[in-house]
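Shown next, in structure tokens, is the structure this report addresses.
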Amino acid sequence: MDRIPISGPWITQKEVDYVSDAAATAWYANHAKYHVRFEKAFAEYVGTKYAVSLPSCTSAIHLSLAALGVGPGDEVIVPDLTWIASSAPISYVGATPVFVDVDEATWCLSAEALEAAITPKTRAVIVVDLYGGMADYDAIRAVARQHGLAVIEDAAEAIGSEYKDRRAGSLGDTGTFSFHGSKTMTTGEGGMLVTDRDDIYERVMVLRDHGRQPGDTMFFNAEVGFKYKMSSLQAALGLAQLERIEELIARKRDIFQWYREELSDEPDMKWNHEPPGVKNTYWMVTLLLPPEWGIPKEALVDQLNRRDVDTRPFFHPLSSIPAYANAPSSTGAKERNPAAYRISPYGINLPCGLNMTRDMVGRVGRAVRESLNVLLPKTPSAMENREIRVNEGENSK
Ligand SMILES: *Cc1c(COP(=O)(O)O)cnc(C)c1O
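Be aware that the sequence shown starts at 360, since it is given in our numbering, and climbs by one per residue.
Structure follows, in structure tokens:
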């Protein structure tokens with residue numbers, strides 16, 4: 360049987376046509392034509408004044424911090440549960456990351472934990488729309504406003520998600536997106552920074568082009584900056600994907616519903632959260648096993664791997680990984696961030712590429728049940744509460 364991959368894009372003839380056209384025509388006077396169209400359409404979609412196409416979301420977060428003037432001696436708050444790309448740029452600008460706990464239901468930054476972590480050195484907070492879910496932005500923005508903190512919204516995983524009447528990416532001073540091949544829409548590699556603020560936009564345009572003022576035709580660099588740009592081919596691919604965004608999101612939501620249906624006989628498992636007023640676009644369908652079952656995510660990943668199902672472990676708390684072993688904020692994080700340390704050990708991302716069909720979800724569902732049958736006998740109390748529903752012979756592999 361074919362291996363089921365964790366994630367991947369949905370590419371049609373439209374994307375191929377746009378990229379071919381870019382390769383053939385986006386040069387000379389037309390070199391920026393796809394950037395202009397992509398950025399304009401993207402800003403309109405997210406609901407911000409500006410969108411700047413970039414090589415990655417990591418660079419978008421880096422530029423956000425740099426444009427806000429965050430640097431050595433400053434602290435930046437980031438949720439403990441996220442991909443390292445959310446936090447690594449804090450080190451690029453010489454500031455100090457502070458890992459803060461998440462909300463038990465949304466898995467996103469907790470407003471109370473944010474407030475408790477603020478010191479006189481805190482300059483900014485990076486809020487992450489984890490796996491397509493949304494934080495309690497009303498509460499977070501109120502805390503940020505009260506303490507004069509800039510808000511960077513890492514919406515890498517959440518294009519099209521909504522909080523009340525606003526789209527993901529439009530809830531901070533800047534919003535950042537990723538178009539990595541695993542994300543809901545892709546340009547292969549790529550990213551976007553969005554903002555409503557003229558001052559941030561102007562600063563970003565200088566910093567992303569080696570310190571050149573826009574329109575500088577004498578190549579007389581005003582300062583040392585960065586080189587963060589996207590190619591026309593990527594912009595063409597991104598424009599085609601964006602024109603299909605509703606279809607891509609609808610498929611992501613279908614895939615999530617198929618899983619819920621497939622594993623509806625497992626009421627103790629928890630899934631991505633969608634509270635009232637929020638639209639979750641479920642970048643990664645994520646399953647949390649009840650901690651009382653005592654099944655670590657690594658064991659479930661391994662069992663599913665043996666059944667040719669590719670999964671990912673829930674992000675480890677940043678404060679627990681070797682990269683941050685010496686970060687001041689890692690000390691005592693397990694006690695300070697109990698929700699992050701309760702959630703992370705028992706969560707996995709299930710295959711949710713845009714190539715998934717209902718049948719493939721059925722195959723993953725059966726593999727999950729078989730895996731639990733192998734793993735659960737080690738916890739007798741869990742067995743009592745759980746009927747085993749795998750047919751004889753199905754778990755023989
Ligand atoms: C994918 C991802 C990023 C990084 O995106 P790149 O385009 O690979 O730099 C940042 N933050 C989160 C939460 C992500 O999932």
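Where is the CB? At the ideal position from N, CA and C, for every residue including glycine.
Kindly examine ligand 1 and report whether one of its heavy atoms sits closer than 8 Å to the Cβ of residue i.
i    : result
L646 : no
C416 : yes
W617 : no
V553 : no
G712 : no
D669 : no
V378 : no
D462 : no
V487 : yes
W466 : no
I477 : no
K542 : yes
G528 : no
G550 : yes
S366 : no
S445 : yes
T535 : yes
H786 : Examination of residue 786 is not possible in this model, given that the chain is present from 360 through 756 alone.
E516 : yes
W386 : no
F585 : no
P513 : Correcting the residue identity first, residue 513 is Asp in this sequence and not Pro. Yes, the Cβ of D513 comes within 8 Å of a heavy atom of ligand 1.
I761 : Residue 761 is absent from the structure shown; the chain starts at 360 and stops at 756.
F397 : no
F458 : no
T441 : yes
F401 : no
H394 : no
F578 : no
H539 : yes
Near residue i, what residues of its chain come up, given a Cβ to Cβ distance below 8 Å and the 5 sequence neighbours on each side ignored?
i    : result
A601 : Looking at the sequence provided, one finds Leu at residue 601 rather than Ala. F397, A400, F401, Y404 and M544.
R666 : A726, E729, S730 and K756
L508 : I436, I477, T481, R482, A483, V484 and V502
E548 : P414, S415, F538, H539, G540 and Q593
A609 : none
G492 : T465, W466, C467, A517, S520, N631, H632, E633, V637 and N639
N696 : D439, F458, V459, D460, V461, A472, P676 and S678
Ignore the nearest five residues each way along the sequence and tell me which others in residue i's own chain have a CB closer than 6 Å to its CB.
i    : result
S591 : A381, A385 and Y393
P649 : D627
N754 : Any reading at N754 must be qualified, since the residue scores a pLDDT of 42, below 50, and its modelled position is unreliable; no value is offered.
H506 : I477
F458 : D439, L677, S678, S688 and A692
A472 : V459 and D460
A595 : Y377, V378, A381 and Y393
Give me, in chain order, the residues of the same chain whose beta-carbon lies closer than 7 Å to that of residue i; leave out the 5 immediate sequence neighbours on both sides.
i    : result
Y700 : P676 and K693
P364 : D669, P710 and G712
P704 : P655 and K656
I747 : In this prediction, I747 scores a pLDDT of 48, lower than 50, which makes its location untrustworthy; the coordinate-derived value is nonetheless stated afterwards. Excluding residues within five positions, the ones whose Cβ falls inside 7 Å are N732.
A658 : L734
N750 : Low local confidence applies: a pLDDT of 44 at N750 is under 50, so the model's placement there is unreliable, with the coordinate-based value given in what follows. Same-chain partners within the cutoff: there are none.
A425 : V452 and L566
M715 : I614
G752 : Model confidence at G752 stands at a pLDDT of 38, short of 50, so the residue's coordinates are unreliable and nothing is read from them.
V720 : I614, W617, Y618 and E621
G406 : R525, R526 and S529
If we count Cβ pairs, one from each stretch, closer than 8 Å, do we get three or more for the segment 567-575 versus the segment 475-483? no
In the segment 523-611, which residue ranges form an unbroken alpha helix (DSSP H) of at least 4 residues, counting only runs that do not cross its ends? 557-566 and 591-602
Residue ranges of each beta strand (DSSP E) run of no fewer than 3 residues wholly in the segment 430-495, ordered along the chain? 434-438, 455-459 and 481-487
Closer than 8 Å is the cut-off here; do at least three beta carbon pairs connect the segment 641-658 with the segment 726-735? yes
Under 8 Å: do the segment 395-405 and the segment 619-631 share three or more Cβ pairs, one atom per stretch? no
Minimum length 4: unbroken alpha helix (DSSP H) runs contained in the segment 604-661: 604-621
Do the segment 445-462 and the segment 709-716 touch if we need at least three Cβ pairs shorter than 8 Å? no
Evaluate the contact criterion for the segment 575-592 versus the segment 685-696: three or more CB pairs, one atom per stretch, below 8 Å. no
Does the structure place the segment 532-542 close enough to the segment 552-560 that three or more beta carbon pairs sit under 8 Å? yes
Cβ contact (3+ pairs, closer than 8 Å) linking the segment 432-449 and the segment 671-687: yes
Per the contact definition of three or more C-beta pairs closer than 8 Å, is the segment 417-432 in contact with the segment 487-503? no
Mind pulling the alpha helix (DSSP H) runs of 4 or more residues that sit fully within the segment 687-743? 692-695, 697-702 and 717-734
Is it a yes or a no for the segment 364-378 touching the segment 487-497, going by three-plus beta-carbon pairs under 8 Å? no
Go through the segment 362-444 residue by residue and report every complete run of the beta strand (DSSP E) that reaches 3 residues or more, in order. 409-413 and 434-438
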